[in-house]
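Take 1252 as the starting number for the sequence shown in the numbering used here and just add one per residue. Here is the structure we will look at.
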Amino acid sequence: MNKFVSDAKAGKHQEEGWGNSAYLVSKVGCSALSFIQQREFDNEKPFRNISVNAVHPGYVDTDLTSHKGPLTIEEGAVAPLYLALEDHGLKGKYIWCDKQEVDWYGPGTPSLY
């Protein structure tokens, strides 16, 4: 994240491969942070059984997406609510909008729809 910030300040973020969306880079940073935080909680003494997961709610029809997202707000809330309220046992995972676990280090991601 420090590299992105310094590249953006220098105006060379695109040539360094970051693209032109600070929002997207921040989402990647927050997702990566969730994995780091889960490792820290897993090594805590005493163990408090805390779960930290990252979730992609999908492309939701909101002001942020200029109402271009095909998912309703209710549909976008399904996976976050699943992680917050259900007894799923997931820890340090990346969950897609359909509640499926996605391999963060894998070759690609599922469709948003």
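Cβ atoms here follow ideal geometry from the backbone N, Cα and C, with glycine treated the same way.
In the structure shown, E1352 adopts extended strand secondary structure according to DSSP, grouped into three states.
Leaving aside the five residues that flank Y1310 on each side, the residues in its chain whose CB is nearer than 7 Å to its CB run, in chain order, T1316, G1320, P1321, L1322 and L1363. A1283 and D1338 have their C-alpha atoms some 23 Å from each other. Separation of the CB atoms of V1306 and Q1288 is rounded to 14 Å, and the pair is thereby denied contact status at 8 Å. Here DSSP, grouped into helix, strand and coil, assigns I1346 to strand. Annotation for G1343: F1286 and Q1289 place their beta carbon closer than 6 Å to its own, counting only its chain and skipping 5 residues before and after.
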